[in-house]
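Everything on this sheet refers to the single structure shown next.
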Amino acid sequence: MVSLQTRGNVHGCGGVLVDPQWVLTAAHCVDPHEPSSLGGTPTIVIGACNLEDTENENGVVEKMLPSDTIIHEDWTGELKDGNDIALLRLKTASRHIPGGLATAIHSLLGAEQLLALGWGKQENGTTGDRKQLQQATSIDYLQNKFCNSSEAWNGLIQSTMLCAFSFNGEDVCKGDSGGPLLQADAPGLDASRGEPGLDIVVGIASFGELTCGESRNPDVFTRLSSFRPWIDNKITGTQSSNASPFPLPSPPPESGEINPEASPPSPRTPPPSQAPGLPPPSPPSQAPRLPTPSPPSQAPRLPTTQSPSPSSDAPLLPAEEQSALDKELLELANSGESAEVETLAIELLSKGANLSARSSCGIPTIPDFDNSTVLHCAAAFDNLVVTRVLVEAGADVDAQARHGTPLHYAAARNSKRVAVFLIEQGADVGAVDSNDGEQPLHDASEYGSVDIAVSLVMAGADKQAKDIRGRTPKDRICVFSTVDGVGCTAEEESALKELLT
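The sequence shown begins at 1 in UniProt numbering and counts up one residue at a time.
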């Protein structure tokens, strides 16, 4: 992680070391034509965890100036036009380890959890020093088709941009611009078990809404897979469309001048805006902010293990053996998320466990969840690991049970990650519960699942849909207690009223 600072040693933007002699950041951070930027020769600080570090477990913190600043040729000075990317060449090769970059053909899964890093403000409107300790915020990848909906960025997002959003209020704020968005190595969705050397930088913070920390719109990053050929070309003088995660070593340094290869900038949007974070350390922040509407979220990624699909030609198992396999698979839905659970689910399916087996999900507060498939149960328990294995194996995302589809169950149980994953897998957001005529948006409204309601609306759910008694989702706001027995908060009720009006 890199901190780009003013001559007075004040942090202004983030960056990432991608080669011993090159740092990647956002164009708006170093655009010499932008009054609010750091200019073309910021102070580059490499290897700090705390901004006051001179040395830490990563080694000696390095501080130097760039010998050359290269801004993307198509950067116009307008965030909405994209190409918000720049490279800084170091005068001396860094001794720190460069981050691995997404290749040109790298892709992300819907509902994949990513990690944003930065030292930006912790919330909008804060005063005084920025957070000195580097923060890490879990943030979920959002497919562009949802990010571009009328409820979010409304067509502004280009294919060279990447969106991410957190259900937990984390955001990227001023000071996080140019900082990295990581796809962390996380076996069984557990980043603590991963190898940091296998983390991949998939984006750099570009922009978000003006009010960070309160935004309902996804944060927007420059998608590095779209610019990998450009990065390789600038660093090595060659351009490859499918390079390895680490660029080829750069040629020996030579002094150079600021090289803003951008067209003369037009009127600018305000500078970076971002916010704080979450689990690991804490949260980061981000870049300039364009105003606009609301968003949804997603979740972590499974290792790309191919789940077996049951074969129609497979021999029938003895009833007792079939029952045992089906029961074990159903029990996995509420057994946590880990690499072991994923492996066991795949093994059970390969042995013949039935994706369509029905049971009650064993939810004490809702005892009549009978006739549920294992996917319904996984959705009810927000078990993304099992959900992914089941969907990859061919489970029906729109299967009906007593209380509707798996998406109904996720909405009623506030299973945010699974809900977004199901939506991105094509689950019908307008599916009707044959029992009461409700759609998933009714359930989200009834149980105060604000973030799921936002996701459903962004995906096209009808806010005026009526159940068999003629009631719309707005008519059903917070009529039931949430899963833990606590009713909707005033904030949740207010948010739902605003969303569903």
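The C-beta atom is built at its ideal place from N, Cα and C for all residues, glycine as well. Predicted model, so just to flag it, every value in this text is computed and none were measured.
Check: Within 10 Å of its beta-carbon, does N217 have 16 or more other beta-carbons around it, so buried, or fewer, so exposed?; Outcome: buried
Check: For H11, which of helix, strand or coil comes out of DSSP?; Outcome: strand
Check: Let me check one thing: in DSSP terms, what residues is S372 bridge-paired to?; Outcome: S359
Check: Where P20 and L87 are concerned, what is the direct C-alpha to C-alpha distance, given to the nearest angstrom?; Outcome: 12 Å
Check: Does the segment 32-52 come close enough to the segment 193-206 that 3 or more CB-CB pairs lie under 8 Å?; Outcome: no
Check: Which stretch, first to last residue, makes up the beta strand (DSSP E) that contains P165?; Outcome: Per the sequence shown, the amino acid found at residue 165 is Phe instead of Pro. Segment M161 to F165, the beta strand (DSSP E) holding F165.
Check: When DSSP labels each residue in this structure, what does G426 get in the three-state scheme?; Outcome: coil
Check: For R95, does the count of other Cβ atoms within 10 angstroms reach 16, so buried, or fall short, so exposed?; Outcome: exposed
Check: Would you mind working out which of T25, L407 and L390 sits nearest D398, comparing C-alpha positions?; Outcome: L407
Check: Could you please give the first and the last residue of the uninterrupted beta strand (DSSP E) stretch that includes F207?; Outcome: I200 to F207
Check: Shorter than 7 Å, the distance from the beta carbon of P318 to the closest heavy atom of the ligand ZN, or not?; Outcome: Judged by which ligands are present, the structure shown has none, so any question about the ligand ZN falls away.
Check: Select from L142, K91, A116 and Q143 the residue whose C-alpha is nearest the C-alpha of E136.; Outcome: This sequence places Ala at residue 136; Glu is not what is there. Nearest option by C-alpha distance: A116.
Check: For Y409, name the three-state secondary structure that DSSP assigns.; Outcome: helix
Check: From the DSSP secondary-structure annotation, give me the bridge partner or partners of E62.; Outcome: I46
Check: I'd like to know if the segment 408-418 and the segment 378-390 are in contact, where contact means that at least 3 CB-CB pairs between them fall below 8 Å.; Outcome: yes
Check: Nearest by alpha-carbon distance to V30: which of D84, E52, V60 and N58 is it?; Outcome: D84
Check: Who are the Cβ neighbours of R228 in its own chain at under 7 Å, not counting the five residues just before and after it?; Outcome: L101, A102, T103, A104 and A243
Check: How is F421 classed by DSSP in three states: helix, strand or coil?; Outcome: helix
Check: Whose CA, out of T387, A431, R388 and S356, lies closest to the CA of T373?; Outcome: S356
Check: Do you know how far the Cα of S225 is from the Cα of Q143?; Outcome: 15 Å
Check: Taking only three categories from DSSP, how would you classify T387?; Outcome: helix
Check: Can you tell me whether G448 is helix, strand or coil according to DSSP?; Outcome: coil
Check: I'd like the list of long-range same chain contacts for L499, defined as Cβ closer than 7 Å, with 5 residues on each side in sequence excluded.; Outcome: A453, V454 and V457
Check: Taking the DSSP output, what are the residues bridged to A86?; Outcome: T25 and I71
Check: Using only alpha-carbon positions, find the residue among Y447, N383 and E112 that is nearest to S338.; Outcome: N383
Check: Which one of G39, R402 and L24 has the shortest CA to CA distance from T6?; Outcome: G39
Check: How big is the Cα-Cα spacing for G47 and S3?; Outcome: 9 Å
Check: Within this structure, are the beta carbons of K445 and L496 separated by less than 8 Å?; Outcome: A quick correction: the sequence has Ser, not Lys, at residue 445. The answer is yes: Cβ separation under 8 Å.
Check: With distances taken between CB atoms, is the gap from Q439 to A431 smaller than 8 Å?; Outcome: yes
Check: Below 8 Å on the Cβ atoms is my contact criterion, and I expect S149 with C13 to pass it. Report the Cβ-Cβ distance as a whole number of Å.; Outcome: With 8 Å as the limit, S149 and C13 do not qualify as a contact, their Cβ atoms being about 29 Å apart.
Check: Scan the segment 321-347 and note each continuous beta strand (DSSP E) run of 3 residues or more that stays entirely inside, going in chain order.; Outcome: none
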